[in-house]
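Participant: In terms of the working numbering, the sequence shown is residues 10 to 333.
Quick reminder that beta carbons are idealized off the backbone N, C-alpha and C, glycines included.
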Amino acid sequence: MSGPNTIRLSATDRGIRAGVALLRRGGLVAFPTETVYGLGADARDERAVAGIYRAKRRPARNPLIVHVPDVASALALIDLPEKGRRAAEAFWPGPLTLVAPMRGGARIAPICRAGAATLAVRVPAAPLALDLLRAFGGPLAAPSANLSGQVSPTCADHVMEELTGRIDGVLDGGDCAVGLESTILGFERETPVLLRPGGVTLEALEQVLGPVLAAGVVEDVAPTAPGQMTSHYAPGAALRLGAEEPRLGEAWLGFGPNPARGSAISLNLSPSGSLDEAAANLFAHLRTLDTLLGGSGTIAVASIPARGLGHAINDRLARAAAPR
Ligand code: AMP
Ligand code: MG
Numbered sequence: 010m011s012g013p014n015t016i017r018l019s020a021t022d023r024g025i026r027a028g029v030a031l032l033r034r035g036g037l038v039a040f041p042t043e044t045v046y047g048l049g050a051d052a053r054d055e056r057a058v059a060g061i062y063r064a065k066r067r068p069a070r071n072p073l074i075v076h077v078p079d080v081a082s083a084l085a086l087i088d089l090p091e092k093g094r095r096a097a098e099a100f101w102p103g104p105l106t107l108v109a110p111m112r113g114g115a116r117i118a119p120i121c122r123a124g125a126a127t128l129a130v131r132v133p134a135a136p137l138a139l140d141l142l143r144a145f146g147g148p149l150a151a152p153s154a155n156l157s158g159q160v161s162p163t164c165a166d167h168v169m170e171e172l173t174g175r176i177d178g179v180l181d182g183g184d185c186a187v188g189l190e191s192t193i194l195g196f197e198r199e200t201p202v203l204l205r206p207g208g209v210t211l212e213a214l215e216q217v218l219g220p221v222l223a224a225g226v227v228e229d230v231a232p233t234a235p236g237q238m239t240s241h242y243a244p245g246a247a248l249r250l251g252a253e254e255p256r257l258g259e260a261w262l263g264f265g266p267n268p269a270r271g272s273a274i275s276l277n278l279s280p281s282g283s284l285d286e287a288a289a290n291l292f293a294h295l296r297t298l299d300t301l302l303g304g305s306g307t308i309a310v311a312s313i314p315a316r317g318l319g320h321a322i323n324d325r326l327a328r329a330a331a332p333r
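Right, dumping it as structure tokens:
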């Protein structure tokens with residue numbers, strides 16, 4: 010089987026130009042954002058976006074996030090109510106995705122929405138992502154650059170491991186600063202709905218917007234985000250959450266100053282107990298432990314405080330631990 014020759018592109022003007030050339034031809038180029046690496050394609054090109062679903066083996070019913078370089082470009086695509094605009098002004102560029110009805114004239118390939126009337130849009134903050142978007146001069150559909158259901162990639166090597174031969178290129182911008190996917194906020198009704206916890210905390214959102222509903226609270230708010238599926242972000246190994254210490258044979262994923270006792274295979278998300286650092290390390294540490302365990306066995310995970318970014322970390326851990 011021979012797929013495309015996957016090229017690693019440098020974080021330079023030359024690398025960006027090469028990435029843009031591939032994208033203009035309908036190719037697939039992974040690029041770093043501050044959250045995770047996205048798998049980009051021209052969001053106006055139905056065939057190119059279909060390639061994302063193929064490369065990721067993503068179920069056709071999962072819509073994609075469309076990335077644009079600034080708030081004005083986003084407002085041209087979706088019809089945001091007043092609170093949505095406030096969220097855009099406060100958190101863009103940044104790790105927040107807004108979901109709202111698509112504007113009639115917006116030129117976005119229907120496949121991006123996977124049948125939904127709404128469109129998910131984000132202005133990422135990572136300079137390399139913004140440089141690529143500006144040089145490309147159009148919207149890029151970009152879900153996380155991993156095989157569907159697997160752990161999201163936070164560096165170019167992670168993308169290469171899973172998608173070599175399946176995509177055209179990877180723009181290598183090093184490690185992602187946030188390390189968790191964007192927060193997804195829905196604006197289909199008066200009160201904004203949290204569709205997925207992520208890089209912007211609920212506390213920060215509520216400070217700007219007032220009350221935000223949790224997706225589970227309103228039964229009929231259900232354009233299901235893959236982030237809302239039970240098993241997702243899943244390594245091969247099983248996870249045991251909220252563990253005090255590893256049992257015999259388990260790997261250990263710690264948090265905070267407690268030393269790991271009793272496990273030969275152990276990593277710490279943040280020895281100092283920083284949730285920012287833990288978020289940035291989460292996916293890479295899960296991958297490393299999974300590899301060391303040979304994709305089976307169990308990773309015991311220390312409990313993570315349920316505040317700030319801890320909510321998003323615990324959400325991803327719960328999905329990674331869910332029965333497949
Ligand atoms: P990923 O970038 O792989 O994390 O996936 C994109 C996320 O955005 C998924 O969780 C999607 O379901 C979500 N998403 C995209 N479009 C919509 C939409 N119109 N409504 C709700 N969620 C969406
Ligand atoms: Mg994903």
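1) So does T192 have its beta carbon nearer than 7 Å to some heavy atom of the ligand AMP?
2) For the putative contact between A311 and G265, defined by C-beta atoms under 8 Å, what is the C-beta separation to the nearest angstrom?
3) Throw me the rounded Cβ distance for the S240 and P255 pair, which I believe falls under 8 Å.
4) Measuring from the CB of I74, is there a heavy atom of the ligand AMP at a distance below 7 Å?
5) So, with DSSP's three-state summary, where would you put Y242?
6) What's the call for N14, buried or exposed, on a 16-neighbour Cβ count within 10 Å?
7) For D51, which residues does DSSP report across the bridge?
8) Cβ of L204 within 7 Å of any heavy atom in the ligand AMP?
9) How far does the beta strand (DSSP E) with N277 in it reach, from first residue to last?
10) Determine the direct distance from the alpha carbon of I117 to that of A57, and round the result to whole angstroms.
11) What does a CB cutoff of less than 6 Å around T200 pick up in its chain, not counting 5 residues either side in sequence?
12) Heavy atom of the ligand AMP less than 7 Å from the Cβ of P266, yes or no?
13) Between the C-alpha atoms of G306 and Y46, what's the straight-line distance to the nearest angstrom?
14) Measuring alpha carbon to alpha carbon, tell me which residue in Y242, A243, G245, N267 is nearest A252.
15) For S82 and E98, I'd like the C-alpha separation in whole angstroms.
16) Taking the alpha-carbon positions, what's the G24 to E171 distance?
17) For a cutoff of 8 Å on Cβ pairs, would you count L326 as touching chain D?
18) Taking 8 Å as the threshold (C-beta atoms), are C121 and A52 in contact?
19) Determine which residues share a DSSP beta bridge with W261 and list them.
20) Taking just the CA atoms, how far does R112 sit from D184?
21) Starting from A252, follow its DSSP beta bridges and name the residues at the other end.
22) How many angstroms separate the CA atom of R33 from the CA atom of L248?
23) D22 to F100, Cα distance in whole Å?
24) Can you tell me the Cβ-Cβ gap for L137 and G49, rounded? I've got them flagged as a contact below 8 Å.
25) Going by beta carbon distance, what residues of the same chain come within less than 7 Å of L218, once the five residues before and after it are set aside?
26) Within the same chain, show all residues whose beta-carbon is closer than 8 Å to that of G147, passing over the 5 residues directly before and after it, in chain order.
27) Give me, in chain order, the residues of the same chain whose beta-carbon lies closer than 7 Å to that of A20; leave out the 5 immediate sequence neighbours on both sides.
28) In whole angstroms, what separates the C-alpha of E190 from that of P104?
29) Helix, strand or coil: how does DSSP classify A289 here?
30) For N290, which residues from the same chain have a beta carbon less than 6 Å from its beta carbon, with the 5 sequence-adjacent residues on both sides left out?
31) Could you spell out where the beta strand (DSSP E) holding I193 opens and where it closes?
32) Less than 8 Å between the C-beta atoms of E43 and A144, yes or no?
33) Looking only at its chain, what residues have a beta carbon closer than 7 Å to the beta carbon of L211, apart from the 5 residues adjacent to it on each side?
34) Along the chain, which unbroken stretches of the beta strand (DSSP E) at least 3 residues long are found entirely within the segment 69 to 154?
Facilitator: On the basis of the data shown:
1) no
2) 7 Å
3) Not really, about 23 Å apart at Cβ, beyond 8 Å.
4) yes
5) coil
6) exposed
7) L149
8) yes
9) 275 to 277
10) 12 Å
11) L222
12) no
13) 27 Å
14) N267
15) 13 Å
16) 21 Å
17) Absent from the structure is chain D; it holds one protein chain and no more.
18) yes
19) S275, A309
20) 35 Å
21) A311
22) 41 Å
23) 27 Å
24) 12 Å between Cβ atoms; not a contact.
25) K92, R95, A96, P201
26) D51, A52, R53
27) L137, L180, D181, G182
28) 7 Å
29) helix
30) L278
31) 192 to 195
32) no
33) L203, V221, H320
34) 74 to 76, 105 to 110, 127 to 131
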